[in-house]
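By the count of the working numbering, the sequence shown reaches residue 87 at its end, each step adding exactly one. Have a look at the structure below before the remarks.
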Amino acid sequence: ADASELVPSPSFDFVAYENEYFRAVAERRTVDVPEWTYAITEISDSRGEFTAYARDAIVERDVDDAGLSEAAAGVLD
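Structure, rendered in structure tokens:
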């Protein structure tokens, strides 16, 4: 297409961002993209069993057992 006010040639000379102007530069290259694999393992059949598992495997500190005042526990809740 011929250059015009609507479609200049090149299509842009710069990028404006927050009152600053940047010259756009592009290059062609190969990029390695990492591949991630995830697995799902069933932990329990019931909510109660899952809660027990989570307490043993995940929770490092139980607020109820920490001896906090009611006001301090309210902040965390």
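Beta carbons are placed, not taken as given, at the ideal position from N, Cα and C, and that holds for glycine.
Nearest-angstrom Cβ-Cβ length linking Tyr-63 and Ile-53, presumed shorter than 8 Å: Position 53 of the sequence shown, counted from the start, is the residue given in the question as residue 63. Position 43 of the sequence shown, counted from the start, is the residue given in the question as residue 53. Confirmed, Cβ separation roughly 5 Å.
How big is the Cα-Cα spacing for Ala-11 and Ala-26? For the purposes of this step, residue 11 is taken as the residue at position 1 of the sequence shown. For the purposes of this step, residue 26 is taken as the residue at position 16 of the sequence shown. With a pLDDT of 49 at Ala-11, under the threshold of 50, the modelled position of that residue is not reliable, and the figure given next carries that caveat. Near 24 Å, if we compare the C-alpha coordinates of Ala-26 and Ala-11.
Could you name the residues that DSSP lists as bridge partners for Ala-26? Along the sequence shown, read from residue 1 onward, the residue named residue 26 stands at position 16. As DSSP reads the structure, Ala-26 sits in a beta bridge with Tyr-31.
Can you name the start and end residues of the alpha helix (DSSP H) that Leu-86 belongs to? Walking along the sequence shown from the start, residue 86 turns up at place 76. Annotation for Leu-86: the continuous alpha helix (DSSP H) segment containing it runs 80-86.
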